[in-house]
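Peer 1:
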Amino acid sequence: MGTIRLTTAQALIKFLNQQYVSIDGQETPFVEGIFNIFGHGNVLGIGQALEQNSGHLKVIQGKNEQGMAHAAIAYSKQMLRKKIYAVTTSSGPGSANLVTAAGTALANNIPILLLPADTYATRQPDPVLQQMEQEHSIAITTNDALQPVSRYWDRITRPEQLMSSLIRAFEVMTDPAKAGPATICISQDVEGEAFDYDEKFFEKRVHFIDRRLPNDRELNGAAELIKASKKPVVVVGGGAKYSEAREALIEFSQRYNIPLVETQAGKSTVESSFSNNLGGLGITGTLAANKAAQQADLVIGIGTRFTDFATSSKTIFDFETTKFLNINVSRMQAYKLDAFPVVADAKSTLEALIPMLEGYESEFGDTITEVKQEWLAERDRLSKVVFNRENFDPEIKNHFSQEVLNEYADVLNTELPQTTALIAINDTIDPDSIIICAAGSLPGDLQRLWHSEVPNTYHLEYGYSCMGYEVSGTLGLKLADPTKEVYTIVGDGSFLMLHSEFVTAIQYNKKINVLLFDNSGYGCINNLQMDFGNGSYFCEFRTEDNQILNIDYAKLAEAYGAKSYRANTVEELKAALEDAKNQDKSTLIEMKVLPKTMTDGYEGSWWNLGVPEVSNQEGVQKAYELKQEKLKKAKQY
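So for the sequence shown, numbering that gives the first Met the number 0 puts the first residue at 0; every next one is plus one.
Rendered as structure tokens:
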């Protein structure tokens, strides 16, 4: 076998073109492309290598390092982790901007390859432009901040180091149990240095993502637990979606009359119309799902991390009487809540378990249908909420006085409630459209109210709940499925935080639709502070003389080159949505919605927060007392 002389950057690009994954016998390229913002750390290395020969890689110019990385994360998530985009940045601020995105990918177990430039390996010109200096170590660079938010991290200071580093990075990214961001920091001088690479390094490399099968001990133990239970409940997590376990979940649930409840990541694994699907669980859960969970004597977690939102801070289950069975490819996740662990693939495990339970049936009986119908009636009510200027509408939170709510209605020129708008959107867009959201009050409304009638059309980033993920992520959705209409459902707070890749979508003619809910503030956190006895403090968007901000986001979108709409009534909203479907360029629909018109918590939806133990506010004192009572029932591990 001969050698080929390449720069480190050229070797990198050549290697990326030769990486494939094989899943269930289907083989596809793993790296679809590379997002870039070029700077002095990478333009002469990776930039030159891409210009010389990018191979099959699609090269996309981003507008903000965090934004383009979020687009890459959303792409990988929507592709069920079967494909990725790489991301390259310059050193210094460029690489620092990746930290938030890396945390987002890590929290959600999403593979993404981050390629930030680093300072000089020779240290000859130090300190170079944008290089930090620490008195206790010259070796520390901005990229060290990426270590705690990367599943794999390495720094390349010699060309030959690239080979072992890349092989290790791809092993991590293609392992379902530990998939996450792989960060390879390449010293900017080393990017241009040449080495005689072994030609074998650039041969086609297939990474087999095999389904881990449960062993007999695990299957027998799981079957015994289920048979001994009277009211088991399945918690459908993101791992079930990545495993493509839809058919197995439906058969398991139907045959043995076991209800399904969903996490944010698991929602749309099974369509909402499935009779035994009771919707979201926990703090932002439906009344139906929470009622079922509170009755459960066995909780079967499938591909879930059991975050505080899903478990209502470990208070929704009766830990005195309830047992846990966890099916997860991650041993760490399978052990949570002191469960019986099955460390295996979700789909394969369910398929093996189904015939082992012959003759079993839960004791839920007609309860599943009854609680679901009760919730559907509540959802229908929430679709018809009407604002009353004279007296408090009982369906609207009354944290604000009638005077303040009327002020918002006058300044924003709207009487549109958030829940009414959201359900109208759900009823109007095509069922196979893909929606994305991440932060604020909208994820709670979506988990409760959104009906996903086509699998994998609900895309929530709630592992990190990263404000600013929404718009950038929508570009990733469009890259993942160009034939579908994709919609950002985003609040004004998150939109202001980051929407850089809206411009990139327009630049590359990748049509996305931004549905902007504007209540002039951080409404979710405003609710939170007032729910726990505080006043409204620095969460509304007001001027120094206390005037409500009224920003014309539609005009901003028009300036970018998008088609924009203003919709402050249901009729205007539906008309805008229908017209937006016919556009061949990106759109933004600005909706002014009233604050305090989102869904509130239902039975079982308590959240453990750091309530002050000492306060002169009566509301805070009551919140602290409630917390102490709840903690008596909460599991401590």
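We treat Cβ as the ideally placed atom computed from N, Cα and C, and that holds for glycine.
Can you confirm whether residue 181, when its beta carbon is compared against all beta carbons of chain C, has any partner nearer than 8 Å?
Peer 2: As a matter of chain content, chain C is missing from the structure shown, which is built from one protein chain.
Peer 1: Along the chain, which unbroken stretches of the alpha helix (DSSP H) at least 4 residues long are found entirely within the segment 171-205?
Peer 2: 187-190
Peer 1: Note down, in chain order, each residue of its chain lying with its Cβ closer than 6 Å to the Cβ of residue 588, except the 5 sequence neighbours on either side.
Peer 2: Here residue 588 corresponds to residue number 589 of the sequence shown, with the count starting at 1. Cβ within range, chain order: 514, 564, 566 and 575.
Peer 1: Per DSSP, what kind of secondary structure is residue 312 in: helix, strand or coil?
Peer 2: In the sequence shown, the residue the question calls residue 312 occupies position 313. Three-state DSSP puts residue 312 in coil, outside helix and strand.
Peer 1: What are the partner residues of residue 60, as DSSP defines its beta bridges?
Peer 2: As a first step, residue 60 is located in the sequence shown; it is residue number 61 there, counting from the start. Its beta-bridge partners are 35.
Peer 1: Between residue 85 and residue 166, is the Cβ-Cβ spacing less than 8 Å?
Peer 2: If you number the sequence shown from 1, residue 85 lands on position 86. If you number the sequence shown from 1, residue 166 lands on position 167. If you check the CB distance, residue 85 and residue 166 do not come in under 8 Å.
Peer 1: On the three-state DSSP scale, how would you describe residue 74?
Peer 2: Translated into the one-based positions of the sequence shown, residue 74 becomes position 75. Three-state result, residue 74: helix.
Peer 1: Using a threshold of 8 Å, state whether the C-beta atoms of residue 501 and residue 552 are closer than that.
Peer 2: Position 502 of the sequence shown, counted from the first residue, corresponds to residue 501. Position 553 of the sequence shown, counted from the first residue, corresponds to residue 552. In this structure, residue 552 does not lie closer than 8 Å to residue 501 by Cβ.
Peer 1: Who are the Cβ neighbours of residue 182 in its own chain at under 6 Å, not counting the five residues just before and after it?
Peer 2: Stepping through the sequence shown from its first residue, residue 182 is reached at position 183. Around residue 182: 113, 145, 149 and 152.
Peer 1: Could you check where the beta strand (DSSP E) with residue 152 kicks off and where it finishes?
Peer 2: In the sequence shown, residue 152 corresponds to position 153, counting from 1. Its beta strand (DSSP E) spans residues 151-155.
Peer 1: State the CB to CB distance for the pair residue 440 and residue 523, rounded to an integer number of angstroms; the pair is presumed to be in contact (CB under 8 Å).
Peer 2: By one-based count along the sequence shown, residue 440 stands at place 441. By one-based count along the sequence shown, residue 523 stands at place 524. Contact flag correct, Cβ pair sits at about 4 Å.
Peer 1: Are residue 192 and residue 7 touching if we call contact CB-CB under 8 Å?
Peer 2: Residue mapping note: residue 192 aligns to position 193 of the sequence shown, counting from 1. Residue mapping note: residue 7 aligns to position 8 of the sequence shown, counting from 1. Yes, the pair counts as a contact, with Cβ atoms nearer than the cut-off.
Peer 1: Among all the DSSP beta bridges, which residues are the ones paired with residue 388?
Peer 2: Along the sequence shown, read from residue 1 onward, the residue named residue 388 stands at position 389. BP columns for residue 388 are empty, so no partner.
Peer 1: Assuming residue 468 and residue 103 are in contact, meaning their beta carbons sit under 8 Å apart, how far apart are those beta carbons, in whole angstroms?
Peer 2: On the sequence shown, position 469 is the one that residue 468 refers to. On the sequence shown, position 104 is the one that residue 103 refers to. Between residue 103 and residue 468 the Cβ distance is about 6 Å, and since that is below 8 Å, they are a contact.
Peer 1: How many whole angstroms separate the CB atoms of residue 532 and residue 618, which I take to be in contact at a CB cut-off of 8 Å?
Peer 2: Taking the sequence shown and counting its residues from 1, the one referred to as residue 532 is at position 533. Taking the sequence shown and counting its residues from 1, the one referred to as residue 618 is at position 619. A Cβ-Cβ distance of about 2 Å is found for the pair residue 532 and residue 618, placing them in contact under the 8 Å criterion.
Peer 1: Are there three or more Cβ pairs, one per stretch, closer than 8 Å when the segment 50-68 is compared with the segment 197-208?
Peer 2: The segment 50-68 makes no contact with the segment 197-208, as fewer than three CB pairs between them are under 8 Å.
Peer 1: Count the other CB atoms within 10 Å of the CB of residue 92; is the residue buried (16 or more) or exposed (fewer)?
Peer 2: Taking the first residue of the sequence shown as position 1, residue 92 is located at position 93. Counting every other CB atom within 10 Å of its CB across the protein chains shown gives residue 92 a total below 16, marking it as exposed.
Peer 1: From the DSSP secondary-structure annotation, give me the bridge partner or partners of residue 545.
Peer 2: Counting from 1 along the sequence shown, the entry for residue 545 is found at position 546. Paired residue(s): none; residue 545 is not in a bridge.
Peer 1: Classify residue 0: buried if its beta carbon has 16 or more other beta carbons within 10 angstroms, exposed otherwise.
Peer 2: As a position in the sequence shown, residue 0 is number 1, starting the count at 1. Exposed, by the Cβ-count rule.
Peer 1: How about residue 80 and residue 178: are their beta carbons less than 8 Å apart?
Peer 2: Locating residue 80 in the sequence shown gives position 81, where the first residue counts as 1. Locating residue 178 in the sequence shown gives position 179, where the first residue counts as 1. Taking 8 Å as the Cβ cut-off, residue 80 and residue 178 qualify as a contacting pair.
Peer 1: Across which residues does DSSP place residue 51 in a beta bridge pair?
Peer 2: Within the sequence shown, the letter at position 52 stands for residue 51. Looking at the DSSP assignment, residue 51 forms no beta bridge with any residue, so it has no partner.
Peer 1: Under a three-way DSSP split, which group does residue 210 fall into?
Peer 2: Here residue 210 is taken as the residue at index 211 of the sequence shown, counted from 1. DSSP places residue 210 in coil when its eight states are reduced to three.
Peer 1: With DSSP run on the structure shown, which of helix, strand or coil describes residue 341?
Peer 2: Residue numbering aside, residue 341 sits at position 342 when the sequence shown is read from its first letter. DSSP places residue 341 in strand when its eight states are reduced to three.
Peer 1: Would residue 370 and residue 287 be called neighbours here (beta carbons separated by less than 8 Å)?
Peer 2: Residue numbering aside, residue 370 sits at position 371 when the sequence shown is read from its first letter. Residue numbering aside, residue 287 sits at position 288 when the sequence shown is read from its first letter. Contact: yes.
Peer 1: Using only CA atoms, which one of 481, 494 and 301 lies nearest to residue 347?
Peer 2: The sequence position of residue 347 within the sequence shown is 348, counting from 1. For the residues 481, 494 and 301, the minimum Cα distance to residue 347 belongs to 301.
Peer 1: Starting from the Cα of residue 13, find the closest Cα among 25, 30 and 22 and give me that residue.
Peer 2: Position 14 of the sequence shown, counting from 1, holds the residue named residue 13. Selected option, being the one with the closest Cα: 30.
Peer 1: Put residue 225 into one of helix, strand or coil per three-state DSSP.
Peer 2: Here residue 225 refers to the residue found at position 226 when the sequence shown is read from its first residue. Helix.
Peer 1: If you draw a straight line from the C-alpha of residue 332 to the C-alpha of residue 241, how long is it?
Peer 2: By 1-based counting over the sequence shown, the position of residue 332 is 333. By 1-based counting over the sequence shown, the position of residue 241 is 242. Answer to the nearest angstrom: the Cα atoms are 15 Å apart.
Peer 1: Given this structure, state the Cα-to-Cα distance separating residue 164 from residue 577, to the nearest angstrom.
Peer 2: Taking the sequence shown and counting its residues from 1, the one referred to as residue 164 is at position 165. Taking the sequence shown and counting its residues from 1, the one referred to as residue 577 is at position 578. The straight-line gap from Cα to Cα measures roughly 49 Å.
Peer 1: Distance, Cα to Cα, residue 613 vs residue 320?
Peer 2: Position 614 of the sequence shown, counted from the start, is the residue given in the question as residue 613. Position 321 of the sequence shown, counted from the start, is the residue given in the question as residue 320. For residue 613 and residue 320, the distance between alpha carbons rounds to 35 Å.
Peer 1: Below 8 Å between beta carbons: does that hold for residue 262 and residue 233?
Peer 2: Reading the sequence shown from its first residue, position 263 is the one you call residue 262. Reading the sequence shown from its first residue, position 234 is the one you call residue 233. Cβ atoms of residue 262 and residue 233: not closer than 8 Å.
Peer 1: Specify the secondary structure class of residue 234 as computed by DSSP and reduced to three states.
Peer 2: Here residue 234 is taken as the residue at index 235 of the sequence shown, counted from 1. Residue 234: strand per DSSP, three-state reduction.
Peer 1: Would you kindly check if the distance between the Cβ of residue 88 and the Cβ of residue 36 is under 8 Å?
Peer 2: If you number the sequence shown from 1, residue 36 lands on position 37. If you number the sequence shown from 1, residue 88 lands on position 89. For residue 36 and residue 88, yes; Cβs fall inside 8 Å.
Peer 1: Go through the segment 74-102 residue by residue and report every complete run of the alpha helix (DSSP H) that reaches 4 residues or more, in order.
Peer 2: 92-95
Peer 1: What does the alpha-carbon distance come out to for the pair residue 543 and residue 493?
Peer 2: Position 544 of the sequence shown, counted from the first residue, corresponds to residue 543. Position 494 of the sequence shown, counted from the first residue, corresponds to residue 493. Their backbone Cα atoms lie some 22 Å apart in a straight line.
Peer 1: Rounded to whole angstroms, what's the CA-CA distance from residue 399 to residue 60? Just pull it up for me.
Peer 2: As a working mapping, residue 399 is identified with position 400 in the sequence shown. As a working mapping, residue 60 is identified with position 61 in the sequence shown. Roughly 44 Å separates the two Cα atoms.
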